[in-house]
Amino acid sequence: MLDIKLPIGLLFSIMGVILTIYGIVTKSDTAMYEKSLNININLWSGLIMLVFGIAMLILSKLKKKI
57 MLDIKLPIGL LFSIMGVILT IYGIVTKSDT AMYEKSLNIN INLWSGLIML
107 VFGIAMLILS KLKKKI
């Protein structure tokens with residue numbers, strides 16, 4: 057049976073790590089974040105993607121044990 061949670065979890069985890077690192081590196085650039093009301097959108101969306109990717113990976117591992 058095809059389990060799509062593993063590749064989706066890997067994709068979101070990798071993209072989440074990349075966006076989180078980019079958000080941390082560009083945290084001091086205030087001109088970049090003026091359009092988003094000074095919210096570091098790269099950092100927050102990276103963290104959300106990372107949490108979602110890890111949740112998918114955990115669910116994929118739990119499904120295999122059951």
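In the working numbering, the protein residues as written are 57 to 122. For each residue, glycine too, the CB sits at the ideal point set by N, CA and C. Predicted, not measured: the structure shown is a model, and the values here were computed from it.
Under the three-state reduction of DSSP output, THR76 falls in the helix class. When the Cα atoms are used, ILE110 and GLY65 turn out to be separated by approximately 6 Å. In the three-state reduction of the DSSP assignment, ILE64 falls in the helix class, which pools H, G and I. A residue is called buried once 16 or more other Cβ atoms fall within 10 Å of its Cβ, and ASN94, having fewer, is exposed.
DSSP, read as helix, strand or coil, puts SER92 in coil. With 16 or more other Cβ atoms inside 10 Å of its own Cβ, SER69 counts as buried. Cβ atoms of ASN98 and LEU75 come within 8 Å of each other, at about 5 Å.
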